[in-house]
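Asker:
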Amino acid sequence: MSSGRITKRARTQLSQDLHDWVIEKTVEICYQKIREKGRKIYTNPNQEKNFGVDGFYPDIVVYDPETKKVTMIDEIETEVGETEKNQWEDFAKLGIPNFSVTIPRSEVEKAKKIIKDNNIAVTEIWSYETEYPKVKTIKFKKEELP
Numbered sequence: 012m013s014s015g016r017i018t019k020r021a022r023t024q025l026s027q028d029l030h031d032w033v034i035e036k037t038v039e040i041c042y043q044k045i046r047e048k049g050r051k052i053y054t055n056p057n058q059e060k061n062f063g064v065d066g067f068y069p070d071i072v073v074y075d076p077e078t079k080k081v082t083m084i085d086e087i088e089t090e091v092g093e094t095e096k097n098q099w100e101d102f103a104k105l106g107i108p109n110f111s112v113t114i115p116r117s118e119v120e121k122a123k124k125i126i127k128d129n130n131i132a133v134t135e136i137w138s139y140e141t142e143y144p145k146v147k148t149i150k151f152k153k154e155e156l157p
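Heads up, the sequence shown stops at 157 in the working numbering, and the numbers go up one at a time, no gaps.
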């Protein structure tokens with residue numbers, strides 16, 4: 012599968028900073044219970060390749076050291092479009108039991124349409140709301156799947 016077509020969106024520095032901050036906050040706020048269960052959480056901010064899955068590098072990767080398997084991936088977005096659709100299609104083909112996308116609240120309807128129209132096997136959609144960088148607070152909400 013490492014011959015996938017995933018390409019990352021070229022981001023402005025502010026957008027990249029937001030993206031990487033949301034990765035950090037997602038792990039800090041949303042992944043505590045997963046970490047408490049003994050899972051390892053790896054991140055790949057700023058297109059880093061810290062922990063891969065079959066040649067791909069999702070933004071957040073949850074690994075179970077007992078089973079030696081990746082149990083979840085989460086892709087963090089600052090906007091939703093064709094580039095993200097292509098990434099989601101490729102990530103969905105990895106066969107990871109839990110594939111989550113975390114997107115700005117303003118992009119929820121667009122994301123749901125892309126997921127539904129392209130039959131992408133996303134298991135969870137989370138949205139976030141922030142006024143970054145002015146106010147460094149964030150609110151997450153689990154969205155209904157399409």
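Heads up, the beta-carbon is just placed ideally off N, CA and C, and yes, glycines get one too. Values in this document were obtained by computation on a predicted structure and should not be read as measured data.
1. Contact between the segment 64-81 and the segment 117-130 is defined here as three or more beta-carbon pairs at a separation below 8 Å; is this criterion met?
2. Which of the three DSSP states, helix, strand or coil, is assigned to residue 62?
3. Is the beta carbon of residue 84 less than 7 Å from the beta carbon of residue 62?
4. Assuming residue 112 and residue 88 form a contact by the criterion Cβ under 8 Å, report the distance between their Cβ atoms to the nearest whole angstrom.
5. Taking all protein chains shown into account, decide if residue 120 is buried (16 or more other Cβ within 10 angstroms of its Cβ) or exposed.
6. Determine the extent of the alpha helix (DSSP H) in which residue 26 is found, giving its start and end residues.
7. Run the proximity test for residue 135: is its beta-carbon closer than 6 Å to any non-hydrogen atom belonging to the ligand GTP?
8. Between the beta-carbon of residue 95 and the beta-carbon of residue 131, is there less than 7 Å?
9. For residue 54 and residue 34, I'd like the C-alpha separation in whole angstroms.
10. Looking at residue 105: is its Cβ nearer than 7 Å to the Cβ of residue 70?
Answerer: The answer reads as follows:
1. no
2. coil
3. no
4. 7 Å
5. exposed
6. 24-41
7. Absence of the ligand GTP is noted for the structure shown, with no ligands found whatsoever.
8. no
9. 7 Å
10. no
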